[in-house]
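Novice: If you count the sequence shown from 1, position 58 lands on 58 in this note's numbering, and the numbers rise without skipping.
Note that the Cβ used here is the ideal one computed from N, Cα and C, for glycine as well.
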Amino acid sequence: MVPKIYSEYGSQRAIIYANDDAYDFLQTIPDKSIHLIITSPPYNIGKKYETKESFEKYLDAQIRIIEQLVRVLADDGSICWQVGNCINNGEVFPLDIYYYPIFKKLNMQLRNRIVWHFGHGLHAKYRFSGRYETILWFTKTTDNYKFNLDPVRILSKYPGKRYFKGEKKGQISGNPLGKNPSDFWEFLQNEWESEIWDIPNVKANHPEKTSHPCQYPIALVERCVLALTDEGDTVLDPFAGVGSTLIAGLLHNRKVIGIDKDTEYVEIGKDRIKDYYNGSLKIRPMQKPVYVPTGNETVAQIPEEWFHQEK
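The following block contains the structure:
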C-alpha cells in the first residue's frame, strides 16, 4: 500500500500508513524511538475490519506485534493497551487478563489498570450489559518513565480541605491545580464519583462519529498523551483506525505515527487530520462534563404506555 504522509505542517508531523500487516511496518522503526504507544487492538469478535479466528491464533498474532512494540519503545516510554471483552458462545473472555502475562513475559511493568466507564453500549439479554473497558498502562522500568500529573489533574471535590493533625495541621491539604484523576479501583476505595474516567464512547450522536464501528474518543487518548509524553515526543498507534490517537497527539504538539490495514479508515483518518488543521474538525472537549438528562426531555421521561401495562 502507498503510505499517506503529511509533512506540510512544520514540526507537527503526522504519518498514517495503510499496511496489511502492522508487523511488517513496525520492523522498519528504529529501536527505542517511540515515546508512547497507545492503541485498541481488534477483539477477535468478527467486526468488519477483522477475521475471527481461534482465540489461540488471535493471541499468537498479537504477541508477534507486541514484541515489536516493546522493541521500538523508548526506555522511559509507555504502552497503553485499551481492550474490552471477547464474547464466544455466550462466554466472556476479559482480554486484559489474557494480555497481562504477554507483556509481563517481555519484562513490561504494569503501572495502572485503568477502567474506562461509559454509559452506552450493546445491551445484553443473558448477562449484565457491559459498560466499561480497561487500559493497561505498562512501562519498561520501575522508576525511569515519564508521568506528568499536573496537565491532567481534575477539580477537587473539597478544594478547601485542610490537614486536621500533624505538623501541617490547619494547612490546605490539596493541590491548587486539582487532584489525581485516579483509576477505577481508587474510586471504589475513596468513594469519589469523579475519579472514574467518565468519558462517553463514540456512538451515533457523538460529534466525532465516523463509519468506524469501534471508534474511541479523542479525549480518552488526550489524557494519556498529556500525562505520559512531553511536547515533541512521538506517539504510535499500530491499529490506528480513523486516526483518533493521531489527532489527540497533534492537539498537544506531539509527532504521531499510525498504521491500519483498512484503506477506507486510513483515508478517513487523512481527512480528519486535514480538517483538524483547517479548523473544521468536530471534537468533544476533554473537559466537557458528561451530559446528564434533566428529566424534561421526552426520552428521559417514563413513557405513558408503561403506566397502562398489566401488573
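(1) Considering Cα atoms alone, identify which of Lys274, Arg127, Gly249, Lys270 is closest to Thr39.
(2) If you count every other CB in all the chains shown that lies within 10 Å of the CB of Glu133, and 16 or more means buried, which is it?
(3) Which residues share a DSSP beta bridge with Gln109?
(4) In the DSSP assignment, find the beta strand (DSSP E) that holds Asp230 and state where it starts and stops.
(5) According to DSSP, which residues form a beta bridge with Gln82?
(6) If distances are taken between C-alpha atoms only, which option among Ile29, Tyr276, Leu59, Leu149 comes closest to Leu95?
(7) Rounded to a whole number of angstroms, what is the C-alpha to C-alpha distance between Phe55 and Gly170?
(8) So, at 7 Å on beta carbons, what are the nonlocal neighbours of Lys57 in its own chain, with the 5 sequence-adjacent residues on each side left out?
(9) Is the CB of Gly243 under 8 Å away from at least one CB in chain D?
(10) Might you give, ordered along the chain, the residues of its own chain that have their beta carbon closer than 7 Å to the beta carbon of Ile16, omitting 5 neighbours on each side?
(11) Taking its Cβ as the centre, do 16 or more other Cβ atoms sit within 10 Å of Asp233, making it buried, or is it exposed?
(12) In angstroms with no decimal places, state the Cα-to-Cα distance between Val256 and His123.
Specialist: On the basis of the supplied data:
(1) Gly249
(2) buried
(3) For Gln109, which the question treats as bridged, DSSP gives the partners Thr139.
(4) Asp230 -> no beta strand (DSSP E), and no H or E assigned at all.
(5) Ile135
(6) Leu59
(7) 57 Å
(8) Contacts found: none.
(9) The chain labelled as chain D is not found in the depicted structure, where only one protein chain is given.
(10) Taken in chain order, the residues that qualify are Lys4, Ala240, Gly243, Leu246, Gly258, Val266, Gly269, Lys270.
(11) buried
(12) 35 Å
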